[in-house]
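Structure, as structure tokens:
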Amino acid sequence: MKLIRQVIAAINPLTGKRISTSSLQFRLTLELLVLSILGLSSVAFWAGWQRSQNLVGAHKKTLESLLTS
Numbered sequence: 225m226k227l228i229r230q231v232i233a234a235i236n237p238l239t240g241k242r243i244s245t246s247s248l249q250f251r252l253t254l255e256l257l258v259l260s261i262l263g264l265s266s267v268a269f270w271a272g273w274q275r276s277q278n279l280v281g282a283h284k285k286t287l288e289s290l291l292t293s
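Per this note's numbering, the sequence shown runs over residues 225 to 293.
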């Protein structure tokens with residue numbers, strides 16, 4: 225709740241009017257923002273994990289080819 229108050233305090237001087245946290249538009253916008261952040265962060269996490277798996281697999285292949293040569 226403290227974070228929301230800080231965000232509203234930062235936005236109020238820019239808009240020149242008070243933002244109602246109980247309005248449907250505010251709640252939907254906040255929900256969309258949170259869902260977007262969660263979605264993007266999960267895609268970034270998956271991409272990093274996938275990249276590390278690919279690097280480990282490539283390293284294992286290289287080691288196997290060096291040992292069999």
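We treat Cβ as the ideally placed atom computed from N, Cα and C, and that holds for glycine.
Please read all numbers here as calculations on a predicted model, not as lab measurements.
- Secondary structure note for residue 247: it is in no alpha helix (DSSP H), with a DSSP letter that is neither H nor E.
- Around residue 250, the same chain offers 243 and 244 as residues with beta carbons nearer than 7 angstroms, after the five sequence neighbours per side are excluded.
- Secondary structure at residue 289: helix, using DSSP grouped into helix, strand and coil.
- Taking the Cα positions, residue 236 is about 32 angstroms away from residue 268.
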